[in-house]
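In my numbering, the protein residues as written are 830 to 1106.
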Amino acid sequence: MIELKVNHIHKNFGGLQVLSDVSFEINGPELIGLIGPNGAGKTTLTNILDGALKPSSGTVYLNGKRIDPFPPYKVAQAGLGRTFQVTRSFRRMTVLENLYVPALAMNPTARQRDFQERAHEVLEFLTIEHLKNEFARALSGGQQKLLELGRLLMLDPDIIILDEPFAGVHPKLMEIIYQWIHRVNGEGKAVIIISHDMDTIFTLSKRLLVLNYGDLIADGGPEEVKRDPLVIEAYLGQEEEADRAESSAHQKRSSPQTTESSEPENPPQDVSGERDA
Ligand SMILES: Nc1ncnc2c1ncn2[C@@H]1O[C@H](COP(=O)(O)OP(=O)(O)OP(=O)(O)O)[C@@H](O)[C@H]1O
Ligand SMILES: [Mg+2]
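Here you go:
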C-alpha cells in the first residue's frame, strides 16, 4: 500500500518563507492536483519531496521510511519519481539511451538488454518509437516531456509528481499525456499533477491540494475545493489584481494631461500569464 506522509514542512530561502507548515497524506493510488498561483511554492514542495532540497523543518515519510534526508537518487529508489517544469534530458544521448540511464542507475547489476523490451514498449505507448535513435536534443518541447514520462515508466515508482506536464504542449501530445496519467494511475501508482490549466486539473483530479504563498489552504474533492472561500479569494485576488493593472493602464492611456506624463507607458500586465500556457 502506497503511503506518503508530509509533516509540517517549512522552507525558507534566506528571509523568504516559501512553505509554511505544509502537511498532507497520500494513501493508495490517488490522483491529485496540486494548484496555486505563480510563486505559491508548488515546485519548491516537489523539490523537497524528491530530495533535491532539504526542508528548513518537517519530515517526509514514504511507505514508512523517512526520505527527507535522502539525496534524489535514494528517494527515487524508495519509490518517488518526478518530472520537471523545465524538461531535463541527456541531450547528447539518444532517446533510447535516455530511457536506459535511470533504469540502470536504479539496478546497477542489470544490463541494458534486460530493459530492451520495456523501453520499446514505453516508446511505442508514447508514440515516439520512430525517434528512438535521435539525440534527445533534436526533440520538440512536447516530445521532451514525453521522454521524461518515459523515463519515469522505466523507473516504475509508486508516487509520481508531474510539474506542469501540459504547459506548452500540442493538444495531440496532451491527449497522450492524459492517457499516460490514467495508465499509471490504473496500474496502482499515486500521481500528483501540478498545473495552471484549471479545466484540465479539475476534470482530471479526484482530490486537489491548493497552495497559496506557502500555505496549504485547501485539501479535498474538486467540487468542495471550487466552493472554498479561501480558494476563491486566492484566485479571484489574482484576477482583481489583473483588473486593477488593466484599469490603471487604461486610465493612464486616456488621460494624457496627467502630471506623471513623463512616465513610460506600460502595457497592462497579464498576471495570469502562465495559467493557460
Ligand atoms: N532557490 C531559490 N532561492 C530563493 N528563492 C526561491 C528559490 N526557489 C524558489 N524561490 C522562491 O520561492 C517562491 C516559490 O517558488 P516556486 O517555484 O516553488 O513556486 P511555484 O508555485 O512552483 O510557481 P510557478 O507556478 O510559477 O511555477 C517564489 O517566490 C520563488 O521566487
Ligand atoms: Mg513551479
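All C-beta atoms in this analysis are idealised placements derived from N, C-alpha and C, irrespective of residue type, glycine included.
(message) Is any non-hydrogen atom of ligand 3 found closer than 7 Å to the C-beta of Asp992, if you look at the structure I gave you?
(response) No copy of ligand 3 occurs in the structure displayed; its ligands are ligand 1 and ligand 2 alone.
(message) Which same chain residues end up closer than 6 Å to Leu863 when comparing Cβ atoms and leaving out the 5 residues on each side of it in sequence?
(response) Lys871, Ile1021, Ile1023, Leu1038
(request) Quick one: using the 10 Å Cβ neighbour count with 16 as the cut-off for buried, is Glu1094 buried or exposed? (result) Any reading at Glu1094 needs caution, since the residue's pLDDT is 34, under 50, leaving its predicted position unreliable; the model's value is listed next. Exposed, because fewer than 16 other Cβ atoms sit within 10 Å of the Cβ of Glu1094.
(request) Label His837 either buried or exposed according to how many other C-beta atoms from any shown protein chain fall within 10 Å of its C-beta, with 16 as the threshold for buried. (result) exposed
(message) Given the structure, does Thr916 come close to ligand 2, in the sense that its CB is under 7 Å from one of the ligand's heavy atoms?
(response) no
(request) My understanding is that Gly908 touches Asp992, with C-beta atoms under 8 Å, so please give their C-beta distance in whole angstroms. (result) Between Asp992 and Gly908 the Cβ distance is about 18 Å, and since that is not below 8 Å, they are no contact.
(message) Tell me which residues share the same chain as Thr916 and place their Cβ nearer than 6 Å to its Cβ, disregarding the 5 neighbours each side in the sequence.
(response) Gln973, Lys974, Glu977
(message) Rounded to the nearest angstrom, what separates Leu955 and Ile1005 at their Cα positions?
(response) 7 Å
(request) Spatial neighbours of Trp1018 within its chain, please: CB distance less than 8 Å, with the 5 preceding and 5 following residues excluded, ordered by chain position. (result) Before going further, note that residue 1018 is Lys rather than Trp in the sequence given. Answer for Lys1018: Ile831, Pro858, Pro986, Asp987, Ile988, Ile989, listed in chain order.
(request) Give a yes or no on contact between the stretch 943 to 951 and the stretch 894 to 911, applying the rule of three or more CB pairs nearer than 8 Å. (result) no
(request) Pick helix, strand or coil for Ile831, following the three-state DSSP scheme. (result) coil
(message) Using CA atoms only, rank isn't needed, just tell me which of Val1013, Glu1052, Thr938 is closest to Met1027.
(response) Glu1052
(message) Report the start-end ranges of each alpha helix (DSSP H) in the stretch 955 to 1017 that is 4 residues or longer and not cut off at the edges.
(response) 970 to 984, 1000 to 1015
(request) Measure the Cβ-Cβ separation of Leu960 and Leu968 and say whether it is below 8 Å. (result) yes
(request) Indicate, with yes or no, if ligand 1 has a heavy atom lying under 7 Å from the CB of Gly887. (result) no
(request) Following the continuous beta strand (DSSP E) through Gln906, name the residue where it begins and the one where it ends. (result) Premise fails: Gln906 lies in the alpha helix (DSSP H), 901 to 907, not in any beta strand (DSSP E).
(message) DSSP three-state label for Phe1031, please.
(response) helix
(message) By alpha-carbon positions, which one of Asn876, Ser885, Ala869 ends up nearest to Gly843?
(response) Ser885
(request) To the nearest angstrom, report how far apart Tyr1007 and Val924 are at their CA atoms. (result) 21 Å
(request) Note down, in chain order, each residue of its chain lying with its Cβ closer than 8 Å to the Cβ of Ala965, except the 5 sequence neighbours on either side. (result) Ser918, Phe919, Arg920, Arg921, Met922, Thr923, Val924, Asn927, Gln973, Leu976
(message) Spatial neighbours of Ser849 within its chain, please: C-beta separation below 7 Å, excluding the five flanking residues on both sides.
(response) His839, Gly1043, Asp1044
(request) Please state whether DSSP places Phe944 in a helix, a strand or coil. (result) helix
(message) Applying the 10 Å Cβ sphere with the 16-neighbour rule, what's the burial state of Asn876?
(response) buried
(request) Could you check if Ala939 is buried or exposed, using at least 16 other CB atoms within 10 Å of its CB as the buried criterion? (result) exposed
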